[in-house]
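Residue numbers (numbering that gives the first Met the number 0): 0 to 256.
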Amino acid sequence: MVERRRYKNPPIEEALCEFRFAPGQEWDLTMPGKLHNLMLEAYPGKPRQKNVVEATLAAGQDKTPDNITLKGGVERVQLLTMDGTRIVGVGKDVLSIHMLRPYQSLEAPEKGGWDEFYPRISSALKAYWDVAVPQGVQRIGIRFINKIVIPKRPMNVESYFNYVPPSSDGLPNEMSSLFFRSEYAYPDRVKLVLTYGSTDAPDDSSAFLLDLDVILEAKEPLDQTTALEKANELRERERNAFEGFITDASRRLFDVP
Numbered sequence: 000m001v002e003r004r005r006y007k008n009p010p011i012e013e014a015l016c017e018f019r020f021a022p023g024q025e026w027d028l029t030m031p032g033k034l035h036n037l038m039l040e041a042y043p044g045k046p047r048q049k050n051v052v053e054a055t056l057a058a059g060q061d062k063t064p065d066n067i068t069l070k071g072g073v074e075r076v077q078l079l080t081m082d083g084t085r086i087v088g089v090g091k092d093v094l095s096i097h098m099l100r101p102y103q104s105l106e107a108p109e110k111g112g113w114d115e116f117y118p119r120i121s122s123a124l125k126a127y128w129d130v131a132v133p134q135g136v137q138r139i140g141i142r143f144i145n146k147i148v149i150p151k152r153p154m155n156v157e158s159y160f161n162y163v164p165p166s167s168d169g170l171p172n173e174m175s176s177l178f179f180r181s182e183y184a185y186p187d188r189v190k191l192v193l194t195y196g197s198t199d200a201p202d203d204s205s206a207f208l209l210d211l212d213v214i215l216e217a218k219e220p221l222d223q224t225t226a227l228e229k230a231n232e233l234r235e236r237e238r239n240a241f242e243g244f245i246t247d248a249s250r251r252l253f254d255v256p
């Protein structure tokens, strides 16, 4: 476990926690409204509907596009804060909690962050449990999407990340774009999905997205207390993966307001 760092300006574009449930009582369309009534003080914004399409990439010997599977839209109702940066998404057998940038305050970096996110996760899970009465949690995901902007171009990727793209004498010196995705398995039914690539950046800068998704598939449905404990553990693993992927040069960028 690495030491927890609290950056002045973390690169987090979005942090989210998702629970998927073993069904309890039959789902009906009044449940999002009931959940909103319980959470109205924390999420007073106007609710909205959103369809979520899931894309799954199946690795194997066949490298054709048929390996990408799209699941149909899953309708969710989103509950929002007035500024729209804190969101709870609820649907049939699924609950997600989101924090958009700013993940924490620039003026008071000791506030916000996980110290704000975890209580939001806990209160949303309790409210969902009270309304939907699920049998338990089958799947937990903790995902952090980071955008890291480096104020120089061209630049050496290895100066900022502990991942070095392959190179050879036959390749040009300057790399124009980058995409990398890999899955790592822990020995206890947890996996890490790491996606890393270049993205649009301001002039004379380089920018990269680092998407870390840590997922637990439970052998049996988890109760509310255990699910929260597991979410906290997954956050620790995400933090370890993030710190292991970046270098001190990146860390210095995050400590500049």
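Every residue, glycine too, gets a C-beta built ideally from N, C-alpha and C.
Note that this is a predicted model, so its numbers are computed, not measured.
Could you check the C-alpha separation between Asp203 and Ala226 for me, to the nearest Å? Approximately 45 Å, taken between the alpha carbons.
Under a three-way DSSP split, which group does Thr194 fall into? strand
Enumerate in chain order the residues of its own chain whose CB-to-CB distance from Met268 is below 7 Å, with the five nearest sequence positions on each side excluded. With the chain covering only 0 through 256, there is no way to say anything about residue 268.
Is it right to say Leu78 is buried, meaning 16 or more other beta carbons lie within 10 angstroms of its own, or is it exposed? Buried, since its Cβ has 16 or more Cβ neighbours within 10 Å.
What's the C-alpha gap between Gly169 and Ser175? Cα atoms of Gly169 and Ser175: separation of roughly 15 Å, rounded to the nearest angstrom.
Reduced DSSP category for Gln338 - H, G, I as helix; E, B as strand; rest coil: In this structure the chain extends from 0 to 256, so residue 338 is not present and cannot be described.
Closest to Thr260 by CA distance: which of Trp128, Val148, His35 and Pro165 is it? A query on residue 260 cannot be resolved here, the shown segment of the chain reaching from 0 to 256 and no further.
Quick check for students: name the residue ranges of the beta strand (DSSP E) that lie wholly in the stretch 138-206, counting only runs of 3 or more. Look at the stretch 138-206 and you find these whole runs of beta strand (DSSP E), each 3 residues long or longer: 178-184 and 189-198.
Helix, strand or coil for Met98 per DSSP? strand
Given 8 Å, three or more beta-carbon pairs between the stretch 122-137 and the stretch 1-11: no
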